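Okay, structure first, notes after.
Protein chains: 2
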Amino acid sequence: MELDLVDKQLVKLLQEDCKKTTKHYADMLQLSKTAVYERIRRLERTGVITQYVALVDKKKLQKDFTVLCHIRLVQHTKDNVLRFEREVLKLEEVSECFHVGGDYDYILKINVADMKSYREFMLTKLTTINNIGNTQSSFVISEVKNTPSVHIG
Amino acid sequence: MELDLVDKQLVKLLQEDCKKTTKHYADMLQLSKTAVYERIRRLERTGVITQYVALVDKKKLQKDFTVLCHIRLVQHTKDNVLRFEREVLKLEEVSECFHVGGDYDYILKINVADMKSYREFMLTKLTTINNIGNTQSSFVISEVKNTPSVHIG
DNA sequence: ATAAAAATAGAATTAATATCTAAAATATAA
DNA sequence: TTATATTTTAGATATTAATTCTATTTTTAT
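From first to last, the protein sequence lines stand for chains S and H. Note that the UniProt record's numbering gives residue 136 to position 136 of the first sequence, counting from 1, and the numbers run on in steps of one. Note that the UniProt record's numbering gives residue 32 to position 32 of the second sequence, counting from 1, and the numbers run on in steps of one.
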């Protein structure tokens, strides 16, 4: 599917705020409500837009302590890799998980309340997963964001 | 503000899909439309919910190539740090930026089309920012996600 | 136990989405 | 180029959902 300039502008608007009225986007883009409505439907139908979600204030939910945890596996057989990924996804503290090349095998973004919770998470959850070699925790001092944020699904 | 169990369930539902009708959430939670409506308003008003956004398919937007780029600064004075952060935020390829402790100073999540674009990004954009020491790029082989995703704002 | 405050349900209103029809713009084929 | 088909758009209408309102219930504090 080919996105024209208007589509791209519309996607960007929806990435910043998806709850405005169709008329609002229509005014921004100098189009009629129907035109915008149909474009949005098409973006959904063709899978460009995958989800509409609420974003929350980490601090308010006591998940303000972020760590980027680098993980090396011991063995890299397919079975081991798949089992690791399956186990990791069960942990609600893991908000992102990347299988990467280079120094480490995985980089996880962990969100918890504080250092104490992180220690607890490491000892009772993460390190109980088999096949983890060593880990290196990069503690997040601050998250640098632009406003309004454009989130990549 | 204190969140009760129903609030937490509601937040989770909204983090998975914020475009269902109030009635839908009401049915899920065994409450009336008004009850859910007022709870959502309160979550917004008190800043628990910060944003409603559309998530997009990276592949469809040709931003399917993800790199976690680790960066060391040369100097760590306040001015240098602030300037670096300001410059980094101007780059649309940077979808997340964390100031971290440990081995490196910053970890950036970069989204571009392919390796060629990444090279171009590094040469013509990132490394033109002053005060960058060295970088280490962790190329993402795959992103491990649970469905439906609960995204942390 | 009682009063005050907060939360909830259900009805009424307002406003938005979704649908329909026709017109305009764009692309396609002769 | 001209005619035809396809897509996109605008405007009107119908449908559905959000919002507001009032009364009732539940919770909280005294």
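Glycine is no exception: its CB is placed at the ideal position from the N, C-alpha and C atoms. Just so you know, these numbers come straight off a predicted model, no measurement behind them.
The C-beta of H/I132 comes no closer than 9 Å to any C-beta of chain S. By the Cβ test, the stretch 69-79 of chain S is not in contact with the stretch 23-36 of chain H, since fewer than three Cβ pairs between them sit closer than 8 Å.
The continuous stretches of beta strand (DSSP E) do not include S/Q9, which lies in the alpha helix (DSSP H) extending over residues 5-16.
A contact is defined here as three or more CB-CB pairs under 8 Å, and the stretch 72-80 of chain S fails this definition with respect to the stretch 49-69 of chain H. Put simply, the backbone Cα of H/L91 is about 24 Å away from that of H/G102. Within chain H, E143, V144, K145 have C-beta atoms less than 8 Å from the C-beta of S/C97, given in sequence order. Pairing S/R39 with H/K60, the inter-Cα distance amounts to about 15 Å. Of the other Cβ atoms in all chains shown, 16 or more fall within 10 Å of the Cβ of H/D105; this residue is therefore buried. The way I'd put it, the stretch 6-25 of chain H doesn't touch the stretch 136-150 of chain S; fewer than three beta-carbon pairs between them come closer than 8 Å. Put simply, the CB of H/I71 is far from chain S, with every gap to its CB atoms at 9 Å or more. Collapsing the DSSP output to three states places S/E143 in a strand.
The Cβ of S/E38 sits no closer than 9 Å to any Cβ of chain H. For H/I40, the enclosing alpha helix (DSSP H) covers residues 33-45.
Chain S places a beta carbon closer than 9 Å to that of H/N111, counting this residue as a contact.
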